[in-house]
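If you count the sequence shown from 1, you need to add 58 to reach my numbering. Yeah, the Cβ is synthetic: ideal placement off N, Cα and C, and Gly gets one too. In this text the structure is predicted, and so the values were computed from the model without any measurement. Below: one structure, written as structure tokens.
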Amino acid sequence: MYQKYLDPVIEMFTTGEYYKEVFQAKQEYFERAGVVYEDDGEFENRMCTFMDWYAFDRELPAIDLPPIKFYFRKNKDLFSSEELNIYKDFCNTIHSIFYLRKIKGGTIYLKDLFSKKNYEVKDTEINMGFVQGDIFEARLIPFKGVYEFSKGFCFHPVEMEKFILGEIKKVRYQDRSRQTKLILQLAAMKLKHMRYQHINIKHIYTFEPKF
């Protein structure tokens, strides 16, 4: 499991001199992906997706590197050969919207809807909750030659597949920051849908809101 290698990174960049930074990042993230509260059923899951975004994607001011890449640069000369490969891979996680193609023999077969690449994940701890045809936000973490899921997910209503695919198509060849912006916008729509289930979902999954 990758977590014990990631924990020192999280510890370093959420305490001490970075305490104010992570607070600012949290405000930025939830402004984009939708605000959740501690008594919200989505709170723990959204905190996981936030921490991933902070550690892997968000560039630190004046450094222009996200925490994981800065950590790698600072410590690479101290790593063992195994650690060097692990942290180098951590610099190349895949945050995307995925389509679940099939589940077979404990392996989850995915299609990245941005790159159209296929991936396989063997993760017996969480694959029981997946269903063929699912469309969801997730992060794949390369670890020792395989991919593992990070802890945070955002499952989107399958009936909005056409809308989601259409929006992805618009930004497929744009830079990564624009794709991430869309991922967070879709996460905000999902949160709004959960809170306003009496409203037609097509009035929520839209960039032309009706309310």
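*asked:* With distance defined between alpha-carbon atoms, name the residue in Phe137, Asp192 and Ile144 nearest to tyrosine 205.
replied: Here residue 205 is taken as the residue at index 147 of the sequence shown, counted from 1. Of Phe137, Asp192 and Ile144, the residue nearest in Cα terms is Ile144.
_Using the three-state DSSP reduction, which class does cysteine 212 fall into: helix, strand or coil?_
The count along the sequence shown starts at 1 and reaches residue 212 at position 154. Looking at cysteine 212 - three-state DSSP - the assignment turns out to be strand.
*Would you kindly report the start and end of the unbroken alpha helix (DSSP H) that includes asparagine 103?*
Locating residue 103 in the sequence shown gives position 45, counting from the first residue. Counting along the chain, the alpha helix (DSSP H) containing asparagine 103 begins and ends at 101-110.
*Given a cut-off of 8 Å, decide if tyrosine 167 and lysine 160 are closer than it, judged by their beta-carbon atoms.*
Here residue 160 refers to the residue found at position 102 of the sequence shown. Here residue 167 refers to the residue found at position 109 of the sequence shown. In this structure, tyrosine 167 lies closer than 8 Å to lysine 160 by Cβ.
_Let me check one thing: in DSSP terms, what residues is lysine 162 bridge-paired to?_
Start at 1 with the first residue of the sequence shown, and residue 162 comes out as number 104. The partner list for lysine 162 (beta bridge, DSSP) reads Thr165.
_Looking at the secondary structure, which residues open and close the beta strand (DSSP E) in which arginine 197 lies?_
Walking along the sequence shown from the start, residue 197 turns up at place 139. 193-201 is the extent of the beta strand (DSSP E) around arginine 197.
*Can you name, in chain order, every residue of its own chain whose Cβ lies under 6 Å from the Cβ of isoleucine 152, other than the five neighbours on each side?*
Looking up residue 152 in the sequence shown gives position 94. Within the same chain, isoleucine 152 has close Cβ partners Leu198.
*Does the distance from the C-beta atom of valine 67 to that of isoleucine 126 stay below 8 Å?*
Taking the first residue of the sequence shown as position 1, residue 67 is located at position 9. Taking the first residue of the sequence shown as position 1, residue 126 is located at position 68. Taking 8 Å as the Cβ cut-off, valine 67 and isoleucine 126 qualify as a contacting pair.
_Three-pair Cβ contact test at 8 Å for the region 253-261 versus the region 223-236_ = no
*Pairing CB atoms from the region 72-92 with CB atoms from the region 112-121, are three or more of them under 8 Å?*
yes
*Coil, strand or helix - histidine 153 by DSSP*: Position 95 of the sequence shown, counted from the start, is the residue given in the question as residue 153. Correct three-state label for histidine 153: strand.
*Pull up the distance between the alpha-carbon of lysine 260 and that of phenylalanine 221, whole angstroms please.*
As a first step, residue 260 is located in the sequence shown; it is residue number 202 there, counting from the start. As a first step, residue 221 is located in the sequence shown; it is residue number 163 there, counting from the start. Each residue's alpha carbon lies about 9 Å from the other.
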